[in-house]
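Engineer:
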Amino acid sequence: MVLEKEMDSSVAEASNHLGINLYKLLAKENTNVFFSPFSISTALAMLFCGTEDETAEEMRKVLGYEVANIKDEELKLCFQKLLEALDSNQESYTLNYANTVLSHKEFSVKEEYKSLLEAFFKALFQETDFINESEKAVKLVNEWVNEKTNNMIPKLLDSLDPSTVMIILNAVYFKGLWLHPFDERSTFLQYFYNKGDKEEYKQIDMMHLKEKFPYVEKESYKALELPYKGDDISMLILLPNSIDGLSELENSLSSTFIQDIKQSMLKRKVEVALPKFKLEYSKSLKEKFQSLGLNRVFNRGAHLNGINDSGELLVSEIIHKAVLVVNEEGSEAAAVTAVMVMMCALAFDPEFIVDHPFMFVIYNNKNNLILFMGRVDEL
1 MVLEKEMDSS
11 VAEASNHLGI
21 NLYKLLAKEN
31 TNVFFSPFSI
41 STALAMLFCG
51 TEDETAEEMR
61 KVLGYEVANI
71 KDEELKLCFQ
81 KLLEALDSNQ
91 ESYTLNYANT
101 VLSHKEFSVK
111 EEYKSLLEAF
121 FKALFQETDF
131 INESEKAVKL
141 VNEWVNEKTN
151 NMIPKLLDSL
161 DPSTVMIILN
171 AVYFKGLWLH
181 PFDERSTFLQ
191 YFYNKGDKEE
201 YKQIDMMHLK
211 EKFPYVEKES
221 YKALELPYKG
231 DDISMLILLP
241 NSIDGLSELE
251 NSLSSTFIQD
261 IKQSMLKRKV
271 EVALPKFKLE
281 YSKSLKEKFQ
291 SLGLNRVFNR
301 GAHLNGINDS
311 GELLVSEIIH
321 KAVLVVNEEG
331 SEAAAVTAVM
341 VMMCALAFDP
351 EFIVDHPFMF
361 VIYNNKNNLI
371 LFMGRVDEL
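Going letter by letter, the sequence shown gives residues 1 to 379 in the UniProt record's numbering.
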């Protein structure tokens, strides 16, 4: 049973549980990674509200509801509370999210499911002709995504599988200014050791700043928190001590790593050198979710009877796309997730020089919800 005051933090716990598990799978590909656990969790929570039986059972485990001890009847309320908490954000940063469900005009979505998503997830429902006007449907999706991500993600879909009957979309957009901005005059070229290899160095724009920040030195890594204006959202950077130590650090992470690190942080004056960078990441997540144990929802016999009684629905694809820009002023990030449903068919001033692969999260420090997370392997 989740108490009302804990509702948003229990969703954060579930979302972070999924986020870390997904991150570890994506990180194995040894490339740059950037995604929004919050966006993926929200889109899949909307899907979960239409599942039953063994399909719901699998989703409960993978989406972290069991770990966070969220009962089915509490889930929609928990998300409602979380989304309300995010809505009450301040004027000093922008954090927008949007949910929509697009369905084929001849596919009947249960009224009860519609009402639930509209009431608790503020979702909008739209109908269009997926079969005879599939290009128009793709254009609708891409225009919605472009608008909701402030033009950061102009395109999500190229085409539509003719069996598609419904698309569940979540978009999230964040723009924050650093509480302590970097001075552009202190940005200069410096080496970054791509892939943690001394031979693979590259000159990149490195921003510099000396300021008091929450900071901690652990046995194998250092962590620094860079707050955005408005006091709610921060970027937490984890920098391995050895230039090729990122994989080892990632393997050691638990889903409560933010809380664990925060407990040991102290404010210290730190010499910071951080790359200016942009990440773009696009991924089909179906296989990753199957690796995490989500299988039934992708196969014939998926119990999606809360959405429609045909008994012939399954999820064909989960697509995620995310973009991040980090510069002297702050950060801008956007992500979108689409779930496609178809018929079967210290004493001195420490230095924090980010010149080799690192990982980071952008999170809400009131409830520890990870909004975005990623790793930079090469620039």
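For every residue, glycine included, the Cβ atom is placed at its ideal position computed from N, Cα and C.
1. Taking 7 Å as the limit between beta carbons, can you name the residues of its chain near T31, skipping five residues before and five after?
2. Buried or exposed: T256, going by 16 or more other Cβ atoms within 10 Å of its Cβ?
3. Go ahead and label K148 buried or exposed: buried means 16 or more other beta carbons lie within 10 angstroms of its beta carbon, across all protein chains shown.
4. Compute the Euclidean distance between the alpha carbons of N364 and E317, then round it to the nearest angstrom.
5. Rank N142, L160 and V101 by C-alpha distance to the C-alpha of F130 and give the top, closest one.
6. Report yes if the C-beta distance between M342 and T164 is below 8 Å; otherwise report no.
7. How far does the alpha helix (DSSP H) with F38 in it extend, from its first residue to its last?
8. Checking the sheet assignment: what are the DSSP bridge partners for W178?
9. Cα-Cα, which of E248, W178 and K286 is closest to L22?
10. In three-state DSSP terms, what is V109?
11. Out of K288, E58 and E211, which one is the CA nearest neighbour of K28?
12. Leaving out five residues before and five after D244 in sequence, what residues of the same chain have Cβ atoms less than 6 Å from its Cβ?
13. To the nearest whole angstrom, what separates the beta carbons of S10 and C78, a pair I think is in contact under 8 Å?
14. If you check the beta carbons only, do F298 and L313 fall under 8 Å apart?
15. Starting from the N-terminal side, write out each stretch of the beta strand (DSSP E) that is 3 residues or longer and does not extend beyond the segment 128-194.
16. I'd like the list of long-range same chain contacts for V109, defined as Cβ closer than 8 Å, with 5 residues on each side in sequence excluded.
17. Quick check: A335 and K321, are their CB atoms within less than 8 Å of each other?
18. Applying the 10 Å Cβ sphere with the 16-neighbour rule, what's the burial state of R296?
19. Looking only at its chain, what residues have a beta carbon closer than 8 Å to the beta carbon of K198, apart from the 5 residues adjacent to it on each side?
20. So, helix, strand or coil for R300, using DSSP?
21. Where do the ends of the beta strand (DSSP E) carrying T94 lie?
22. Residues in its own chain within less than 8 Å of Y228 by CB, not counting five upstream and five downstream?
23. Compare the C-alpha of L25 against each of N327, L209, H356 and S284 and name the closest.
24. For a quick check, are the C-beta atoms of S36 and V172 less than 8 Å apart?
25. Quick one: complete alpha helix (DSSP H) runs, 4+ long, within the segment 272-330?
26. On the DSSP letters alone, give me the boundaries of the beta strand (DSSP E) that Y23 sits inside.
27. Mapping the DSSP letters down to three states, classify K218 as helix, strand or coil.
28. Using CA coordinates, which residue listed in Q263, R300 and G50 is at the minimum distance from E112?
29. Measure the beta-carbon distance from Y281 to F34 and round it to whole angstroms, keeping in mind my assumption that it falls under 8 Å.
30. Spatial neighbours of V361 within its chain, please: C-beta separation below 6 Å, excluding the five flanking residues on both sides.
31. DSSP three-state call for L82: helix, strand or coil?
32. What separation, rounded to the nearest whole angstrom, lies between the Cα atoms of K43 and N99?
Structural biologist: From the atom records:
1. The residue labelled residue 31 in the question sits at position 31 within the sequence shown. Cβ within range, chain order: D377.
2. Residue numbering aside, residue 256 sits at position 256 when the sequence shown is read from its first letter. Result: exposed.
3. Walking along the sequence shown from the start, residue 148 turns up at place 148. Classification for K148: buried.
4. The residue labelled residue 364 in the question sits at position 364 within the sequence shown. The residue labelled residue 317 in the question sits at position 317 within the sequence shown. Approximately 29 Å between the Cα atoms of the pair.
5. As a working note, residue 130 is residue 130 in the sequence shown. The shortest C-alpha separation from F130 is found at L160.
6. Numbered from 1 along the sequence shown, position 342 holds the residue referred to as residue 342. Numbered from 1 along the sequence shown, position 164 holds the residue referred to as residue 164. Yes, these two residues count as a Cβ contact at 8 Å.
7. Position 38 of the sequence shown, counted from the first residue, corresponds to residue 38. Element bounds for F38: P37 to F48.
8. Taking the sequence shown and counting its residues from 1, one reaches residue 178 at position 178. Per DSSP, Y228.
9. Here residue 22 is taken as the residue at index 22 of the sequence shown, counted from 1. Nearest of E248, W178 and K286 to L22, Cα basis: K286.
10. Translated into positions along the sequence shown, residue 109 becomes position 109. Looking at V109 - three-state DSSP - the assignment turns out to be coil, as it is neither helix nor strand.
11. For this step, residue 28 is matched to residue 28 along the sequence shown. Measuring from the Cα of K28, the nearest candidate turns out to be K288.
12. Taking the sequence shown and counting its residues from 1, the one referred to as residue 244 is at position 244. Within the same chain, D244 has close Cβ partners G196.
13. Translated into the one-based positions of the sequence shown, residue 10 becomes position 10. Translated into the one-based positions of the sequence shown, residue 78 becomes position 78. Their Cβ separation, rounded to whole angstroms, is 6 Å, which keeps S10 and C78 in contact under 8 Å.
14. As a first step, residue 298 is located in the sequence shown; it is residue number 298 there, counting from the start. As a first step, residue 313 is located in the sequence shown; it is residue number 313 there, counting from the start. For F298 and L313, no; Cβs fall outside 8 Å.
15. 164-177 and 188-193
16. As a first step, residue 109 must be located in the sequence shown, where it is residue number 109. So the qualifying residues of the chain are V101, S103, F125, M166, I307 and N308.
17. Counting from 1 along the sequence shown, the entry for residue 335 is found at position 335. Counting from 1 along the sequence shown, the entry for residue 321 is found at position 321. Contact flag set, yes.
18. Taking the first residue of the sequence shown as 1, we reach residue 296 at position 296. With 16 or more Cβ atoms within 10 Å of its Cβ, R296 is classed as buried.
19. On the sequence shown, position 198 is the one that residue 198 refers to. Closer than 8 Å at Cβ, skipping near neighbours: I243.
20. Within the sequence shown, residue 300 is the residue found at index 300, counting from 1. R300 falls in the coil class under three-state DSSP.
21. Within the sequence shown, the letter at position 94 stands for residue 94. First-last of the beta strand (DSSP E) with T94: Y93 to H104.
22. Reading the sequence shown from its first residue, position 228 is the one you call residue 228. Within the same chain, Y228 has close Cβ partners S92, Y93, G176, L177, W178, L179, S234, M235, G330 and S331.
23. To locate residue 25, count along the sequence shown from 1; it is residue 25. Out of N327, L209, H356 and S284, S284 has the C-alpha closest to the C-alpha of L25.
24. Within the sequence shown, the letter at position 36 stands for residue 36. Within the sequence shown, the letter at position 172 stands for residue 172. Against a cut-off of 8 Å, the Cβ pair of V172 and S36 comes out as a contact.
25. 286-291
26. Position 23 of the sequence shown, counting from 1, holds the residue named residue 23. From DSSP, Y23 is part of no beta strand (DSSP E) but of the alpha helix (DSSP H) over M7 to A27.
27. Against the sequence shown, residue 218 aligns to sequence position 218. Coil.
28. As a first step, residue 112 is located in the sequence shown; it is residue number 112 there, counting from the start. For the residues Q263, R300 and G50, the minimum Cα distance to E112 belongs to G50.
29. Here residue 281 refers to the residue found at position 281 when the sequence shown is read from its first residue. Here residue 34 refers to the residue found at position 34 when the sequence shown is read from its first residue. 4 Å between Cβ atoms; contact.
30. Position 361 of the sequence shown, counted from the start, is the residue given in the question as residue 361. Closer than 6 Å at Cβ, skipping near neighbours: L236, I370 and M373.
31. Numbered from 1 along the sequence shown, position 82 holds the residue referred to as residue 82. Here L82 sits in helix by DSSP.
32. Here residue 43 is taken as the residue at index 43 of the sequence shown, counted from 1. Here residue 99 is taken as the residue at index 99 of the sequence shown, counted from 1. With the sequence shown as reference, residue 43 is identified as Ala, and Lys is not the correct amino acid for it. Distance between the alpha carbons of A43 and N99 is about 8 Å.
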